[in-house]
Every structure is written in structure tokens, then in C-alpha cells.
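The sequence shown maps to residues 3 to 815 in this note's numbering. The C-beta atom is built at its ideal place from N, Cα and C for all residues, glycine as well.
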Amino acid sequence: MTRSIIKIGVDSLAISGIHNILIIGPTNSDKNVDLSTALYDTADILHKLGYKTTIIVENPTALLSSGDFFDRVVVEKVNGENVLNYVNQFRPDAILPTVGDRNALGIVSGLNGKISTTKVLGTSYFAALATFKRELFISKLNQNKLPVINFISSDDEDELYDFIRSIGFPIIARRRFSNRHSSGWTNINNLFELDNFMALEDDKTTKIEIERSIRGFSEYSMTVVRDRFDNAALIGTIEDIEPIGIHHLDSNLVSPALSLNDSKLQKLRNYSIKLARVFDIVGVCTAHFALNHKTGECYLTEFIPRMSEETKFLEYATCYPLATVAVELNLGYQLDKLQLDSGNSFNGAEEPFMDHITSRFPQWNSKEQRYIGPSKTSDSSIIVNGFSIEEVFNKGPLNDKLNDNLTRYEQLHKLDDDQLFEKIIHPTSWMLDVLLEAIRRDFELPVLSEVTGINMPYLVVLKRIMENSAIIRDDAVDEENIERLVEMGVKGVGYSKVLLDRDEIVTKSVVKSKKSISVASENFENRNYFVTSGISNDIEMTDRKKIVVRSPIITSKKNIMVRQFVLLQLVKSINQNGLEAVIVGREPWSTPLEIRDIAYEIADPHMELRHLNLIPNESVFKIIDFSETLSAEDVENNEVFQISSKKIKSLDVKGETTMRIIVVSDGDNFTIPSIIFRKSINDKSYEISSFNNFLTQPEKNEILEIVKQELSDNNQINVFNFELVKSNGHWLVTLISEGMNGDIIRHELASSVHVIDTLVKMILGNKFKIGMDIDEIFYNDDDEYLVTINDKKFETFDFKETQTLLNEEIKDY
Numbered sequence: 003m004t005r006s007i008i009k010i011g012v013d014s015l016a017i018s019g020i021h022n023i024l025i026i027g028p029t030n031s032d033k034n035v036d037l038s039t040a041l042y043d044t045a046d047i048l049h050k051l052g053y054k055t056t057i058i059v060e061n062p063t064a065l066l067s068s069g070d071f072f073d074r075v076v077v078e079k080v081n082g083e084n085v086l087n088y089v090n091q092f093r094p095d096a097i098l099p100t101v102g103d104r105n106a107l108g109i110v111s112g113l114n115g116k117i118s119t120t121k122v123l124g125t126s127y128f129a130a131l132a133t134f135k136r137e138l139f140i141s142k143l144n145q146n147k148l149p150v151i152n153f154i155s156s157d158d159e160d161e162l163y164d165f166i167r168s169i170g171f172p173i174i175a176r177r178r179f180s181n182r183h184s185s186g187w188t189n190i191n192n193l194f195e196l197d198n199f200m201a202l203e204d205d206k207t208t209k210i211e212i213e214r215s216i217r218g219f220s221e222y223s224m225t226v227v228r229d230r231f232d233n234a235a236l237i238g239t240i241e242d243i244e245p246i247g248i249h250h251l252d253s254n255l256v257s258p259a260l261s262l263n264d265s266k267l268q269k270l271r272n273y274s275i276k277l278a279r280v281f282d283i284v285g286v287c288t289a290h291f292a293l294n295h296k297t298g299e300c301y302l303t304e305f306i307p308r309m310s311e312e313t314k315f316l317e318y319a320t321c322y323p324l325a326t327v328a329v330e331l332n333l334g335y336q337l338d339k340l341q342l343d344s345g346n347s348f349n350g351a352e353e354p355f356m357d358h359i360t361s362r363f364p365q366w367n368s369k370e371q372r373y374i375g376p377s378k379t380s381d382s383s384i385i386v387n388g389f390s391i392e393e394v395f396n397k398g399p400l401n402d403k404l405n406d407n408l409t410r411y412e413q414l415h416k417l418d419d420d421q422l423f424e425k426i427i428h429p430t431s432w433m434l435d436v437l438l439e440a441i442r443r444d445f446e447l448p449v450l451s452e453v454t455g456i457n458m459p460y461l462v463v464l465k466r467i468m469e470n471s472a473i474i475r476d477d478a479v480d481e482e483n484i485e486r487l488v489e490m491g492v493k494g495v496g497y498s499k500v501l502l503d504r505d506e507i508v509t510k511s512v513v514k515s516k517k518s519i520s521v522a523s524e525n526f527e528n529r530n531y532f533v534t535s536g537i538s539n540d541i542e543m544t545d546r547k548k549i550v551v552r553s554p555i556i557t558s559k560k561n562i563m564v565r566q567f568v569l570l571q572l573v574k575s576i577n578q579n580g581l582e583a584v585i586v587g588r589e590p591w592s593t594p595l596e597i598r599d600i601a602y603e604i605a606d607p608h609m610e611l612r613h614l615n616l617i618p619n620e621s622v623f624k625i626i627d628f629s630e631t632l633s634a635e636d637v638e639n640n641e642v643f644q645i646s647s648k649k650i651k652s653l654d655v656k657g658e659t660t661m662r663i664i665v666v667s668d669g670d671n672f673t674i675p676s677i678i679f680r681k682s683i684n685d686k687s688y689e690i691s692s693f694n695n696f697l698t699q700p701e702k703n704e705i706l707e708i709v710k711q712e713l714s715d716n717n718q719i720n721v722f723n724f725e726l727v728k729s730n731g732h733w734l735v736t737l738i739s740e741g742m743n744g745d746i747i748r749h750e751l752a753s754s755v756h757v758i759d760t761l762v763k764m765i766l767g768n769k770f771k772i773g774m775d776i777d778e779i780f781y782n783d784d785d786e787y788l789v790t791i792n793d794k795k796f797e798t799f800d801f802k803e804t805q806t807l808l809n810e811e812i813k814d815y
């Protein structure tokens, strides 16, 4: 374990004079789902430490329930103009841009000299600007003798060609547009390819960026934290299994970086800390490196001085509370004197040392091969844990249940050697399967490493997996090899046969704690586990009654956000009602910090936990399942409650005026706590939440009769979603579903009745009052209403403003 050197005798308290903080939130994009937990933890700790906070955000439903912690939520386009307007009007003491997306740094880089005494926390103007202007990044690194690749950005063709002649081919090139966005990098190997790239038409404001190609180098990222007293620590390392030339998020990622020996690790660590010091970053900073293991060449390729997808991944991998630590460092706290909440202390200077491997594997919606390169093509990812690379490979990219590897094997098996080698030269989303087939045909590992740029240790791992797969296919599993197979995570995987689980076999499926030395302290309880192979179980549960929540792998970004929100509300409600939550997921859930000591989280990709008998049946009150389809065993089990959305009725009727209604039923009575109204007028659409308060009495009566009729034969506890369309002056049902659908976040945030907590209470046996009047059924006491225009622009109105909108813009609704 590495300990950072701490400077003694300096004040560890926060920066004085900061009371009100403006947080620049993420833009309205599915890409920012990964920031939701970090944003929640940030808002939570600021609230507990007594700061007044405001967030400017485009879509308030992206806040999970962290909106409860903010003193003000400004729903506006997240841009420099609106941030500056807020600063000029309300004069916050500080701006926090490090939990927003890249756009937040762009805004900060343009505020220099415009915001008077308002401080910028976490990053400097120059650092923010250097994330967009590569020439500044390179110049600063050269001044401070940090290794960086020569680069040019110009619209002068002669200047570009002169630069290329000075460095030679191969190169990479991209276009940088005036709005700070850029095209993906293009690999260029000769003058012909360069001429074709330059021949593409550009507008006058576009610049061409060119640098030497380092394709084939190994890629690593290092995340460090640093305080204002220049104390720093390395929190985690990530290695891309595929080399540079493959987009970071299309590569298979491993943490910790296993192919670095100690001297190389320390070199990259020192560079990362020096980088944070050079740009005066206080908080979190992720540095990306290109490393050539043969020549020893090493270059810094980029840095990210904010929370990001990498920090989310590392926070899960290490259990280090990175978002909470980062914001406290932003506020001026000393690294070894932090607070996890308003009381517990935490030494953030002790660098985590993982006793396990955490890997992130990209996923593509299409089963067909996709060529991969500098531009991102994957649609999502999954995360798995294990004690060996073989185990995480078998749980992740070589898991037939996830990736249909058997079909891939059958297709690749038909190729001749030349065709297969073509797949190796031009990598696709099937890269590991292609390499397995090449190894099966006795392609030499050093040749494969030279051609693909993949380090030898991973190819050796693939060879071992190939040998084990042959054992399974040949039905040669016996007492001599079964233990080794289980250790490599092949139990229950797709095309393998069900392996024996005899009493005399020592290694078997167990539940182990995901520990990381330095964060396994008394003040930081860790209930994070994963199912793996071993001798004994680490998990020890209390005797409290439990609700087990089972979650499948979810790849849609929208559905991931829904799951994060529902899980968070479920765990809170289960705890508040006196029970414990056990979250069992095929992939892990990145839990907010406040949840980690009130819920058990178990990553179980093959759903083996139910057969390990670690949770006594008598202690399980209910099982809540997010799966779209239940097993036959679960369908017959009255203790299993399916919470995912299931369609009950559907009619193909369109209309300009619609409503989406959520109904909570205890099996006998129900409430309608939230209604979303929608009106389309020509090419414009409006949506208004909490529309209960604008319904006329006749409309309430009509809707109530519709719901009563549709649920007359249903005596189940559940949430029901109705979609209604107005036709000839009356409301018609077009869709009914039960369970949680994509509207639950908006319903929950808009309704004064907490839908998920109400549902948990119903599951526990509570009942609605018998004989509720119509106003009680539709009760909603919201005084602010979320209005969405054209499904993109979000605004919050009070009752009078909403009524004016209805009367003047949305007439005859």
C-alpha cells in the first residue's frame, strides 16, 4: 500500500467565505447518466456540511432525488450566458463545474474576468481551457517537461503539410469546429490518404488538428486527487486491453492496470500528480497515457479535471468515495482530514490497494460484427468482478448468455486462415472471439501481440480459456480439472455444461467482499460483494427482515437511469420502514455513498446466490424483481414481486391531446397521485407534470370511472400506468401497463405523494383509507409544475404561470 506524504501544520478547514455555491449541472444527454450518482453524492455532502447550493440543469429528472438537497434548482439551458446571468443576479460565492459534463468546463473557460469575486472550485480557467485547446495543453506540458506528442491546429494547408513533413507518417487528424466540438480521429498512413482527408469541404471556421500517430501503444489512465496544500494520492488505474487506435470506451477495460510493473506504475503515477500540480487542479483529475512497452516511450494524451465515466468506474472498483472526497477537496479540506458525512472522518490520502479485478466490457446492440477504431461505436457496457483475468473474461465478454459467443465461434470456425487474419488486422467488436479462434489454430502469441498491440499476458489468458473451453466441449470435465474451471469463472456460462459441485471440491461459488485496503475502515462500512469462487463466504448479515431486490443487465441509458432512480428510492423506503435491502444484480449498481451502509449489494452475473442458501428464507419478506420476464419458478412464487413494466392493454389510437396517469393500488383501493398532460399544436408540443391540479371536476369523474372499470378485475398491489387520448370530447384508454416505466422519475419528482415509498408500504401490508373522496384520490399539493417544450426544453412554472400557458398557448385542451 502506498501512502502519500502529508504536509503537517496546515489548516485542514474549508476555504473561508464560501457559503453559497452554484453547481453547473450536466446537459440533457443520455451520455450523462454516469454522472448522476456523483452529482447525488456531491449534493448530499454539501447539504450535510451546511452549504447553500443551486444547480443549473436542463433536465431536472436527471438529478435522481438529489433535488431534495438543493436550495434552488434552475431549469435552463446549461450555457455560459445563463450561468453568467445567474452569477450577476445572485452573486454566489463559488461555482462548481466538476460534476457537470465537458460542457461545464467549456463554460468556465469563458468566464475568466467576468464573474468578479466568485471563485471557481476544482479547476482553473486555464485548465478548463486546456481541455479544449490542445495547443495550450501541449505548451504547458512542454514547459514543465512532461512527455507529450507534438501537435498542430491550423487552417493553413501549407503549414499543415510542413508539420507533417517534419514528423512523418503515420499521423492522426481531425476537424475542430467553432462550437468546440470535433470529428473523430482519422488514421492516415500516407500522402494519398492525407490528400483525401484534406479534400473534404470545411467552413471557414474549421481547423485541422494533426499529431503523430501512436496507434499500437498501450493505453492507461490514472486518477489522482489533490488538495490545496499540494498533497496528492493515486486512487486507481485503468488499462485498455486493446491498444491506442481503438476508442477508450470500445475497449475492454481492467482495473487495476495489470501489465504495469512497479517502476512503470510509479512513473505514470508521478506524471499524473505532477500534471495536477502544473494545472493547479484541486479535487480529482484523470490523466490518459500512451506507453510503448518495447521502447519505453510514454506520452500524456489528455487529462480530465472533473468527474467522468472513469471516476464512476473507479469509485465502484475501489469503493473509494471519490465524488465526496473530490468536492471536499474543492472546498479546501485537507486530504487526510475529510468527512464522509457531518461526523465520520476519512483519510483520503491512503491510496487504495485492490484485492480483486474489476473490468468494464463494451456492449453493442447489434449481434453483427462492428469495426472498431478511433471513434466510439459501442452502445453501452457491463461491469464484472473477479480474482483473475480468466474469471472476468468468462463473466463478461466471453459469457455466452450475454454475447452469444457460441454463434460467434461457429461463424469464425468457417473462415480460412487468411480470412481470420483479416479480422485480426482490422479489429471488430468480436476481437476476443477472433483471437480465441486464432489461438485454437496455433497462431503464435508473439505474432498476435505484434499485430494487435495487445499485451502478452492477456493473450496467455485467452490461451488458457481456449484450453478450458476444449475440455468442456469434449465433455472431459472431471475431478482433476473442475476446481480450476470454477476458479476461472466458467461455471454456468452459456455453452458449457453444468459443472459438478461435489462436497469434496474445495473451490466453489461463494460471496466475497469487494475490499480495497485504505477504505476498509471502521468509519467506512462496505457492504459491497460479488459472487466468485473460493472456500468461504465473507458476507455476514444481520437478523433484520429483508427485501431482496433483483436487477438484470440493462443496456439502454434511459432504462439505466430509471433503474438507478427506482433502486435508490426502494432502498431508502425499505430502510425507513424498518427492513434491510439486499440488491442482487447481474451487474453492479453504483450506489450513492449514503446507501452503502444501509443496503447489501451483491454482483451476481449468473444469478447463483439463490442456490447458495446464504439468506435464510424465513428472513426474506419479499423479492422485488426488475426482470422483464420471470422464471417459471418465480411465477409460481407469491413472494416474488415483478416491478418492471408489463403491457396489459394497447390500442392504436392517436390524438393531439393525451395524458399519462400513474395509479397506485393496494388491491382494493387506489390513488392517482400524478398526471402528465401532453398537447401537440402544429409542430410544437407541451408536457405539464402534476396536472391533477388543473383537472375539472367532470374530468376527474370521467378518469376515475375509466380506472375503476379497467381495474375492476385486478386485485393486485402494484403501480399501473394509463395513457389516455382525447377523442370527440372524451378520454379513451390507449395503453395500460403495470410496474415501473420510464415515466416514474417524472411522476415521482412531480408528485407530493412518493409513489415508490407508497408501493413499498402496500407490499408491507398497509392499506389506503376506505371511502376516499375524489379529491383525496387525485391529491397532489405541488405548487411548481415541470413543463417540457418539444421534448427538449424544461421549465418550472408556478400555478398562475401554468394556468396562463394553458389559457394562452394551449387553448381548448
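Taking the Cβ atoms as the reference, Leu-66 lies roughly 5 Å from Phe-567, within the contact range of under 8 Å.
Taking Arg-546 as reference, the option from Arg-552, Val-564, Thr-534 and Gln-578 with the minimal CA-CA separation is Gln-578.
Residues of the same chain with a CB within less than 8 Å of the CB of Arg-565, apart from the 5 flanking positions on each side, are Ser-553, Ile-556, Trp-591 and Phe-628 in chain order.
In the DSSP assignment, Arg-466 falls within the unbroken alpha helix (DSSP H) covering 458 to 475.
Counting only unbroken stretches of 4 or more residues, the alpha helix (DSSP H) elements lying wholly within the stretch 295 to 360 are 311 to 320 and 324 to 333, in sequence order. Note that the stretch 658 to 665 touches the stretch 673 to 687; at least 3 beta-carbon pairs, one per stretch, sit closer than 8 Å. When DSSP reads this structure, Lys-548 sits in a beta bridge with Glu-582 and Val-622. Judged by DSSP secondary structure, Phe-799 falls within the beta strand (DSSP E) whose first and last residues are 795 to 800.
Cβ-Cβ separation between Asp-103 and Leu-24: approximately 16 Å, too far for a contact (criterion under 8 Å). Remark: three or more beta-carbon pairs, one from each stretch, lie closer than 8 Å, so the stretch 117 to 137 and the stretch 275 to 288 are flagged as touching.
Out of Ser-538, Ser-515, Asn-539 and Lys-397, the CA that lies nearest to the CA of Asn-528 is found in Ser-515. Between Glu-244 and Ile-384, the gap from beta carbon to beta carbon reaches 7 Å or more. With respect to the C-alpha of Tyr-222, the residue from Thr-239, Ala-234, Asp-420 and Asn-367 having the closest C-alpha is Thr-239.
Gly-27 is not a Cβ neighbour of Ile-47, given a cutoff of 7 Å.
Note on the stretch 599 to 661: whole beta strand (DSSP E) runs with a minimum of 3 residues are 601 to 605, 622 to 627, 642 to 644 and 648 to 652, in chain order. Note on the stretch 352 to 405: whole beta strand (DSSP E) runs with a minimum of 3 residues are 359 to 365 and 382 to 388, in chain order. Counting along the chain, Arg-167 sits inside the alpha helix (DSSP H) bounded by residues 159 to 169. Here Arg-230 carries a coil assignment [DSSP, helix/strand/coil].
In this structure, Phe-363 places its C-beta atom within 7 Å of the C-beta atom of Gly-398.
Residue range 136 to 145 is occupied by the alpha helix (DSSP H) that includes Phe-139.
Three or more Cβ pairs drawn from the stretch 293 to 308 and the stretch 142 to 161 lie within less than 8 Å of each other, which places the two stretches in contact. For Ala-278, the enclosing alpha helix (DSSP H) begins and ends at 264 to 280. Contact between the stretch 786 to 802 and the stretch 75 to 87 is established, with three or more Cβ pairs separated by less than 8 Å.
Linking Asn-671 to Asn-640 through their CA atoms gives a straight-line distance of about 21 Å. Residue nearest to Ile-650 within the set Gln-413, Pro-594, Leu-788 and Val-735 is Val-735 (criterion: CA-CA distance). Counting only runs of 3+ residues, the beta strand (DSSP E) found wholly inside the stretch 691 to 773 occupies 719 to 729 and 732 to 740, in chain order. By the C-beta density criterion, His-183 is exposed, having fewer than 16 other C-beta atoms within 10 angstroms.
Under a 10 Å Cβ-count criterion, His-21 is classified as exposed, with fewer than 16 other Cβ atoms of the shown protein chains found around its own Cβ. Under the criterion of beta carbons closer than 8 Å, Asn-695 and Asp-777 do not qualify as touching, at roughly 11 Å.
If you check the CB distance, Leu-41 and Val-101 come in under 7 Å.
Excluding residues up to 5 positions away in sequence, Leu-86 lie with their Cβ nearer than 7 Å to the Cβ of Lys-116 in the same chain.
For His-49, there is no enclosing beta strand (DSSP E); the residue is found in the alpha helix (DSSP H) stretching over 38 to 50. For the stretch 82 to 156, the full-length alpha helix (DSSP H) segments reaching 4 residues or more read 82 to 92, 104 to 111, 127 to 132 and 136 to 145 along the chain.
Annotation: the continuous alpha helix (DSSP H) that includes Ala-440 extends over 433 to 442. Note that the C-beta distance between Asp-73 and Thr-44 is not below 7 Å.
Where Val-80 is concerned, there is no enclosing beta strand (DSSP E), because DSSP gives it neither an H nor an E.
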